[in-house]
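So the structure is just underneath, and the comments pick up after that.
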DNA sequence: GGCTAACTGAGACGATGTATCATCAAGCGT
DNA sequence: ACGCTTGATGATACATCGTCTCAGTTAGCC
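Protein chains in written order, with the working numbering: chain H, 20 to 162; chain L, 20 to 162.
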């Protein structure tokens, strides 16, 4: 799902499409990785110079509520990324390094789960976490 | 994995087992749900009266790095829970409501993934997210 | 073009998380 | 059992984060 489609989804859900919101969405879309709110603010100001901090937080929260953006815990606080389908990755809890995965053992479950729960399911995250080789040494984790 | 086992893992990894750390671990263990750092502080002070804020943050970060606790994004900030095996749930992005799931399509992948990546894999999270029936109405999401 | 409700930016505010530092005590060796 | 050594602690100060309020603006609809 690209930035243009997200803008349409916002509209379809009854929200206005403003320069501030477009700037936030496009900043997230161009980054291609998760961004901290402060990074979103910096990047989005290139497109919307006077953009305020509060608006960035409001927009990120709105996108997350609608399932269009994904908040992820990271060292240093929560980061956001646009939801481009589902997310599968292997994350190092020590340094934050990531390896994307191309497996998906969960896709077939979504429809059944939605039916049984009444939820409107926007996607899923499958995240394996642990320590990368470097951090295994650095943290003297002997397991 | 209960609190006692976690304490042993800390020791095994070369860290000291102090009253402050035990209080944090036991507070998380007894809660049985994810806690915000401020809640951890309040609960842990019952066991370790003078406990300081900085120590709680330090301990939570340490536990997360070692894969013994899990930071999760929630409305209001990051929350932590002890890692009791893997986590599978369905989460509402609107209000934070959760449904635990008893499926696990990913368990069999861990060993192969660890071998190929060199990571020490502590566990995984499979999280479906979307909107619960209430929030679908409240946010006028027409999807 | 004008209306109206949703949205915005500014600013103030409390909460959150980190850095520093003197003091303390866990765990080890004896 | 007792000291040592060094990692851990609590207090404090500080920077940042995230929220709230409010007056002014503007997107979307007629």
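All C-beta atoms, glycine included, are put in the ideal place defined by N, C-alpha and C.
Residue i burial status per 10 Å Cβ neighbour count (16 or more: buried)
| i | result |
| --- | --- |
| residue 82 of chain L | buried |
| residue 53 of chain L | buried |
| residue 51 of chain L | exposed |
| residue 45 of chain L | buried |
| residue 142 of chain L | buried |
| residue 31 of chain L | exposed |
| residue 146 of chain H | buried |
| residue 125 of chain H | buried |
| residue 162 of chain L | Per-residue confidence for residue 162 of chain L stands at a pLDDT of 40, beneath the threshold of 50, marking its modelled position as unreliable; the derived number appears in the next sentence. Counting Cβ neighbours within 10 Å, residue 162 of chain L comes out exposed, since fewer than 16 surround it. |
| residue 21 of chain H | exposed |
| residue 92 of chain L | buried |
| residue 122 of chain L | exposed |
| residue 68 of chain L | exposed |
| residue 85 of chain H | buried |
| residue 33 of chain L | exposed |
| residue 36 of chain H | exposed |
| residue 160 of chain H | With a pLDDT of 45 at residue 160 of chain H, under the threshold of 50, the predicted position of this residue should be treated as unreliable, though the coordinate-derived value follows. It counts as buried. |
Residue closest to residue i, alpha-carbon to alpha-carbon, out of the options
| i | options | result |
| --- | --- | --- |
| residue 42 of chain H | H:72, H:136, H:98 | H:72 |
| residue 80 of chain L | L:68, L:100, L:65, L:93 | L:100 |
| residue 134 of chain L | H:32, H:126, H:149 | H:149 |
| residue 25 of chain H | H:39, H:88, H:70 | H:88 |
| residue 38 of chain L | L:49, L:156, L:63 | L:63 |
| residue 116 of chain L | L:34, L:94, L:106, L:57 | L:94 |
| residue 136 of chain L | H:70, H:151, H:59 | H:151 |
| residue 140 of chain H | L:139, L:118, L:144 | L:118 |
| residue 23 of chain L | L:55, L:102, L:57 | L:102 |
| residue 40 of chain L | L:70, L:153, L:61, L:55 | L:70 |
| residue 109 of chain H | L:60, L:48, L:128, L:156 | L:128 |
| residue 107 of chain H | L:77, L:144, L:112, L:85 | L:144 |
| residue 58 of chain L | L:97, L:29, L:27 | L:97 |
| residue 90 of chain H | L:56, L:111, L:76 | L:111 |
| residue 156 of chain H | H:120, H:138, H:113 | H:113 |
| residue 29 of chain H | H:78, H:66, H:56 | H:78 |
| residue 132 of chain L | H:74, H:120, H:60, H:55 | H:120 |
| residue 154 of chain L | H:154, H:138, H:153 | H:138 |
Residue i: CB within 8 Å of a non-hydrogen atom of the ligand HEM
| i | result |
| --- | --- |
| residue 67 of chain L | This structure lacks the ligand HEM, and indeed carries no ligand of any kind. |
Residue i: contacting residues in chain H (beta-carbon distance under 8 Å)
| i | result |
| --- | --- |
| residue 44 of chain L | Ordered by position in chain H, no residue passes the 8 Å Cβ test against residue 44 of chain L, which lies about 17 Å from the chain. |
| residue 124 of chain L | 124, 125, 128 |
| residue 90 of chain L | 92 |
| residue 155 of chain L | 139 |
Contact list for residue i against chain H, beta-carbon separation under 9 Å
| i | result |
| --- | --- |
| residue 144 of chain L | 144, 145, 146, 147, 148 |
Under 8 Å by beta carbon: chain L residues contacting residue i
| i | result |
| --- | --- |
| residue 137 of chain H | 151, 152 |
| residue 141 of chain H | 112, 148, 149, 150 |
Within chain L, the residues that residue i reaches when beta carbons sit closer than 7 Å
| i | result |
| --- | --- |
| residue 118 of chain H | 136 |
| residue 109 of chain H | 132, 136, 138 |
In chain order, each alpha helix (DSSP H) run of at least 4 residues that lies wholly inside the segment 29-78 of chain H: 38-50, 56-64
Every unbroken alpha helix (DSSP H) within the segment 125-161 of chain L, with a cutoff of 4 residues, ordered by chain: 129-136, 152-157
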